[in-house]
Amino acid sequence: MNNIKAKGILVVNVAINLGILGFFKYVDFMIGNINVTFGAHIPAMNLPLPIGISFYTFQVMSYVIDLYKGKVKVQKDLIAFGTYVALFPQLIAGPIVRFETIEEQLKKRHVDPEMFASGVRRFTIGMAKKVLLANNIGLLWESVMKMNPGDLPVATAWIGAVAFTLQIYFDFSGYSDMAIGLGKMFGFTFLENFNYPYISKSITEFWRRWHISLSSWFKEYVYIPLGGNRHGIKRQILNIFTVWALTGLWHGASWNFVIWGIYFAILLIIEKLILGRILQKLQKNFGILGNIVSGAYAMVLITISWVIFAIGDLNSVKEYMGSLMNLHNNGFANSNTWYLLSSNLTLLIICIIGSTDIPAKVWEKVYSVRLQNKPLVGSIIEDIGLLILFAISFAYIVASTYNPFLYFRF
Amino acid sequence: MKNKKAAITSGGFVMILVCLLLFCIIIPDKQFSDNENRQLQQMPKLTASNVASGDYMKNFESYASDNIIARDEWVKVKNITDMVSGKKDNGSAYFGKDGYLFPIDNIDEMQFQKNLAYVKTFIDKTDKINKNINISVIIAPTSEEIYKDKMPENAPAPNQWKILKESRDCFGEMLINPTGILSQHKREYIYYKTDHHWTTLGAYYTYKMWAEQNGLKPLKKEDFNVEVVSKDFYGTTYSKAAGFKTKPDYIEKFTNSAIEHTGMKIEKVTQTKSLPSLFDKKYLKTKDKYSYFLSSNNPMTTISGTAKNGHNILVIKDSYANCFVPFITGHFDHIYVTDLRYYKQSLTQFVKENKITDIMFLYNVVQFSNDRNMVYLLKD
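Taken in sequence, the protein lines are chains A and B. If you read the first sequence in the numbering used here, its first letter stands for residue 1, the second for the next number, and so on. If you read the second sequence in the numbering used here, its first letter stands for residue 411, the second for the next number, and so on.
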């Protein structure tokens with residue numbers, strides 16, 4: 001096929017995919033902005049968002065672009081291609097699987113009890129992360145959100161922000177675990193999507209560990225085609241801004257997501273220009289103390305970013321930021337702060353430890369050292385632990401629809 | 411070896427899923443959940459229009475979760491996990507000390523202001539009908555106000571005093587606020603631990619206060635025959651926190667010979683029925699045991715009192731009045747008990763037509779603030 005023809009097909013294909021995504025996801029956002037800018041009164045369309053649209057449009061685009069670049073071969077089997085696009089384990093919440101990753105597996109898959117079992121374990125852990133940790137710590141965030149963001153004492157504001165920080169990690173990585181686990185049960189091996197993002201010691205590192213399939217997608221198909229870092233620092237900075245504004249917008253059709261993306265662009269540029277070197281020196285020269293300072297620096301900025309992410313309304317974001325920094329003089333804490341903290345202390349501790357690599361390391365050690373000669377004991381302990389997790393998660397799912405209707409009896 | 415291990419995990423997982431499914435299919439579906447007091451979703455019908463509208467899928471999902479095997483037990487597992495993890499509430503109830511549960515209530519400040527105005531307007535209107543009409547507004551605190559010390563530390567709870575103070579400013583001497591007297595007797599059994607109601611004893615102390623303020627001679631506690639009618643009452647708050655470690659409540663009935671022989675006429679929307687007693691035994695066998703008193707909430711209940719003094723009272727109330735009303739049967743000729751949630755006709759007309767001499771409002775703070783039906787008081 002000649003080059004121009006191929007390019008034409010590529011352009012049409014990408015345009016159609018972006019068109020579908022743009023129409024369903026962003027049309028009301030655009031209408032809203034047009035109305036505000038020009039004082040127009042175009043009614044919103046209130047389209048239902050097709051499930052998983054942000055993920056499968058990106059998957060299809062990655063296939064077409066890679067095909068154009070010659071990285072993958074044409075998949076002529078319609079069922080295999082359809083499987084790739086509509087693969088249900090990851091359809092709803094990612095990871096964004098690149099065709100490259102499963103090209104071979106689509107043709108030839110091999111499922112053995114070993115793989116199935118590891119899928120079961122992975123799925124169960126993902127479900128527990130979502131149902132037990134994300135949903136419960138989410139209730140804490142909800143109860144902070146119920147209050148006026150400008151009236152929060154400092155400690156309450158931070159507890160809320162930390163709660164959301166933990167919620168979004170366990171929610172998102174829980175879904176990814178379930179997808180990876182389900183994939184394994186069917187013989188697919190997807191790439192990892194999260195790698196303990198909250199142990200990062202810089203924002204740059206954070207984005208290597210957080211939602212890996214998304215950031216690598218943008219790097220591969222936006223940043224590098226725009227020229228990446230090959231056309232001088234000015235161009236590179238512009239590219240970074242573009243990529244992160246788009247990354248923000250991908251998360252949702254609203255300005256707060258764009259600002260959230262640009263916030264990261266600014267931080268990444270600052271790290272690229274100066275701060276990155278300082279952080280590295282700090283870690284090199286001051287050992288564990290340097291690590292702690294770097295980690296704290298990253299976590300505070302990440303936590304703040306989630307406030308922008310979580311609160312849609314920009315004015316409320318401003319108010320909430322003010323409370324975080326005690327600009328409203330609401331004091332440090334009130335009795336409600338202590339209540340929220342004491343009622344959720346265990347959960348917070350579990351979530352914080354659970355978001356690091358400590359549990360995995362400990363288990364690894366116990367498993368490989370203490371239980372080295374008793375593999376059966378190890379696996380029984382593991383299975384029983386997972387069985388309990390499964391049962392409790394199941395109980396929370398059932399109870400979420402438990403709906404006592406009592407008030408008319410008052 | 412390695413394969414054996416994997417086979418156990420894989421086989422076990424598949425077995426669990428298959429067994430759950432089989433159990434759900436084999437065990438017959440339930441129609442009603444006692445704990446939740448609601449109809450459960452039944453298997454939806456598979457029709458083209460149902461599928462097209464999405465109702466089929468939505469209803470099937472509710473059906474599956476409503477009819478999951480051992481549903482109530484799963485809910486208990488959830489609540490116990492919450493408690494073990496140190497949570498002080500589960501979103502709908504506070505886990506209190508000494509076996510107390512408290513519902514998490516919010517007070518609707520706007521609605522409260524409206525309700526104050528509705529009641530005030532109604533009082534002014536009845537004053538024009540009969541200048542000598544005697545009015546009392548009883549607003550009772552709920553257990554979380556009296557048993558603050560049994561609540562989890564720092565638990566946020568609505569400020570009931572503020573509501574009561576504003577009510578006092580509005581109604582003056584007409585307001586009867588039993589918070590003080592109930593607090594004095596807080597070591598006695600005046601509120602249920604697992605239910606949002608007060609006990610018959612709590613109602614008695616309020617009755618005494620009301621009678622004294624109205625120049626009536628209250629009956630003494632010793633004059634009543636106290637009988638425990640149920641020993642295993644798990645109330646509405648328990649339903650919200652099933653699995654909480656506590657003993658069941660018991661229900662007492664206070665009677666004397668006059669109360670014993672008084673019956674009532676209940677007018678429902680579609681039918682009227684008479685009961686030979688103020689107590690409806692059939693509810694003691696159900697989950698909803700508090701409905702034993704006055705046979706639950708009904709639009710209009712008429713009781714022939716034993717006073718023969720020409721006094722007729724209209725009681726406008728929530729369910730706190732249900733165990734209270736028997737105490738006043740000796741003070742009136744006729745007692746009309748109405749619940750605005752179910753009675754939608756003009757009460758001013760009713761006052762005119764039935765020669766009402768006394769009016770009593772009886773609500774708890776939460777319901778008085780949040781009830782959206784008081785607007786019906788304005789109906790002419």
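Glycine is no exception: its CB is placed at the ideal position from the N, C-alpha and C atoms.
For a quick check, are the C-beta atoms of Phe423/B and Val120/A less than 7 Å apart?
Residue mapping note: residue 423/B aligns to position 13 of the second sequence, counting from 1. Residue mapping note: residue 120/A aligns to position 120 of the first sequence, counting from 1. For Phe423/B and Val120/A, yes; Cβs fall inside 7 Å.
Closer than 8 Å at the beta carbon, the chain C residues around Pro566/B
Protein chains in the displayed structure are A and B, and chain C is not among them.
Bridge partner(s) assigned by DSSP for Thr608/B
The residue you call residue 608/B lines up with position 198 of the second sequence. The sequence given here places Trp at residue 608/B; Thr does not occur at that position. In DSSP, Trp608/B forms a bridge with Tyr601/B.
Thinking C-beta only, is Lys692/B closer than 7 Å to Ile502/B?
Numbered from its first residue, the second sequence carries residue 502/B at position 92. Numbered from its first residue, the second sequence carries residue 692/B at position 282. The sequence given here places Ser at residue 502/B; Ile does not occur at that position. No.
Can you give me the C-alpha to C-alpha distance between Ile543/B and Glu632/B, rounded to a whole angstrom?
Taking the second sequence and counting its residues from 1, one reaches residue 543/B at position 133. Taking the second sequence and counting its residues from 1, one reaches residue 632/B at position 222. Between Ile543/B and Glu632/B, the C-alpha separation is close to 31 Å.
Where DSSP assigns a beta bridge to Asn3/A, which residues make up the other side?
Your numbering for residue 3/A matches position 3 in the first sequence. Answer is none; Asn3/A lacks a bridge partner.
Given a cut-off of 7 Å, decide if Ala80/A and Ser393/A are closer than it, judged by their beta-carbon atoms.
Residue 393/A sits at position 393 when you count from the first residue of the first sequence. Residue 80/A sits at position 80 when you count from the first residue of the first sequence. Taking 7 Å as the Cβ cut-off, Ser393/A and Ala80/A do not qualify as a contacting pair.
Does the pairing of the stretch 72-91 of chain A with the stretch 171-189 of chain A give three or more beta-carbon distances under 8 Å?
yes
Can you pull the DSSP bridge partners for Asn800/B?
This structure does not reach residue 800/B, given that chain B is present from 411 up to 790, and the question cannot be answered.
Quick one, which of Ile240/A, Asn291/A, Lys281/A has its alpha-carbon nearest Ile266/A's?
For this step, residue 266/A is matched to residue 266 along the first sequence. Residue Ile240/A is the option with its Cα nearest to Ile266/A.
Grouping DSSP H, G and I as helix and E and B as strand, with all else coil, what is Arg481/B?
The residue you call residue 481/B lines up with position 71 of the second sequence. Here Arg481/B sits in helix by DSSP.
By how many angstroms is the C-alpha of Ser176/A removed from the C-alpha of Gly126/A?
Counting from 1 along the first sequence, the entry for residue 126/A is found at position 126. Counting from 1 along the first sequence, the entry for residue 176/A is found at position 176. Those two C-alpha atoms are separated by around 7 Å.
Applying a beta-carbon distance threshold of less than 7 Å, which residues of chain B neighbour Val120/A?
The residue given as residue 120/A occupies position 120 in the first sequence. The contacting residues are Thr419, Ser420, Phe423.
Contained alpha helix (DSSP H) runs [length at least 4] in the stretch 651-712 of chain B, N- to C-terminal order:
667-670
Which residues in chain B have a C-beta closer than 8 Å to the C-beta of Asp383/A? List them in chain order.
Translated into positions along the first sequence, residue 383/A becomes position 383. Ordered by position in chain B, the residues that pass the 8 Å Cβ test against Asp383/A are Ile418, Thr419, Gly422.
At a cut of 8 Å, does the stretch 266-279 of chain A reach the stretch 313-327 of chain A through at least three beta carbon pairs?
no
Does the CB of Ile478/B have a neighbour CB from chain A at under 7 Å?
Along the second sequence, read from residue 1 onward, the residue named residue 478/B stands at position 68. Yes, its Cβ sits closer than 7 Å to a Cβ of chain A.
Chain-ordered chain A contacts of Arg481/B [CB-CB under 8 Å]:
Indexing the second sequence from 1 puts residue 481/B at position 71. What Arg481/B touches in chain A: Val398, Tyr402.
Between which two residues does the alpha helix (DSSP H) holding Asn719/B run?
Counting from 1 along the second sequence, the entry for residue 719/B is found at position 309. That residue, Asn719/B, is in no alpha helix (DSSP H); it is neither H nor E in DSSP.
Please list the partners that Pro89/A has in chain B, where partner means a Cβ-to-Cβ separation under 9 Å.
Counting from one through the first sequence, the residue named residue 89/A turns up at place 89. The premise fails here: Pro89/A is roughly 15 Å from chain B at the closest Cβ pair, so nothing lies under 9 Å.
Leu406/A CB to nearest chain B CB: under 7 Å?
Translated into positions along the first sequence, residue 406/A becomes position 406. Because Leu406/A carries a pLDDT of 49, less than 50, the predicted location of this residue cannot be relied on, and the following value inherits that uncertainty. For Leu406/A, the answer is yes, since a Cβ of chain B falls inside 7 Å of its Cβ.
Distance cutoff 7 Å, beta carbons only. Does Lys498/B sit that close to anything in chain A?
Here the question's residue 498/B lines up with position 88 in the second sequence. Cβ-Cβ to chain A under 7 Å: yes for Lys498/B.
Glu471/B, enclosing alpha helix (DSSP H) - first and last residue:
To locate residue 471/B, count along the second sequence from 1; it is residue 61. Glu471/B -> alpha helix (DSSP H) spans 465-476.
Would you mind sorting Asn2/A into buried or exposed? The rule is 16 or more other CB atoms within 10 Å of its CB.
Locating residue 2/A in the first sequence gives position 2, where the first residue counts as 1. Per the 10 Å Cβ criterion, exposed.
Closer than 9 Å by beta-carbon distance: list the chain A residues that pair up with Val352/B, in chain order.
Residue 352/B is absent from the structure shown; chain B starts at 411 and stops at 790.
Consult DSSP for Arg122/A and reduce its assignment to one of helix, strand or coil.
Numbered from 1 along the first sequence, position 122 holds the residue referred to as residue 122/A. Of the three classes helix, strand and coil, the one that applies to Arg122/A here is helix, per DSSP.
Considering only residues of the same chain and omitting the five flanking positions on each side of Tyr730/B, which have a CB-CB separation below 7 Å?
Taking the first residue of the second sequence as 1, we reach residue 730/B at position 320. The residues are Ala550, His607, Trp608, Leu772, Tyr773, Asn774.
Compare the C-beta of Pro50/A with all C-beta atoms of chain B and state if any pair is closer than 7 Å.
The count along the first sequence starts at 1 and reaches residue 50/A at position 50. No, its Cβ sits nowhere closer than 7 Å to a Cβ of chain B.
For Tyr746/B, name the three-state secondary structure that DSSP assigns.
Numbered from 1 along the second sequence, position 336 holds the residue referred to as residue 746/B. It is a strand residue.
Contact set for Leu226/A: own chain, Cβ-Cβ below 7 Å, skip 5 residues either direction:
Within the first sequence, numbered from 1, the residue matching residue 226/A stands at position 226. Answer for Leu226/A: Asn239, Thr242, listed in chain order.
Terminal residues of the continuous alpha helix (DSSP H) containing Glu576/B?
Counted from its first residue, the second sequence places residue 576/B at position 166. Taken as a continuous stretch (DSSP letters only), the alpha helix (DSSP H) holding Glu576/B covers 570-581.
Under 9 Å, CB to CB, which of the residues in the stretch 106-132 of chain A have a partner in chain B?
Asp112, Pro113, Glu114, Met115, Phe116, Ala117, Ser118, Gly119, Val120, Arg121, Phe123, Thr124, Leu132
Check whether the Cβ atoms of Phe522/B and Ser756/B lie closer than 7 Å to each other.
Translated into positions along the second sequence, residue 522/B becomes position 112. Translated into positions along the second sequence, residue 756/B becomes position 346. No, the pair does not count as a contact, with Cβ atoms beyond the cut-off.
Residue range of the unbroken beta strand (DSSP E) whose run includes Phe771/B
Stepping through the second sequence from its first residue, residue 771/B is reached at position 361. 768-774 is the span of the beta strand (DSSP E), which, as asked, contains Phe771/B.
At the 7 Å Cβ level, is Phe410/A part of the contact set with chain B, yes or no?
Residue 410/A sits at position 410 when you count from the first residue of the first sequence. Residue confidence for Phe410/A is low, a pLDDT of 39 falling below 50, so the modelled location carries little weight; the figure read from the coordinates is stated next. Interface residue, yes.
Should the stretch 702-709 of chain B be regarded as contacting the stretch 673-684 of chain B, the criterion being three or more beta carbon pairs within less than 8 Å?
yes
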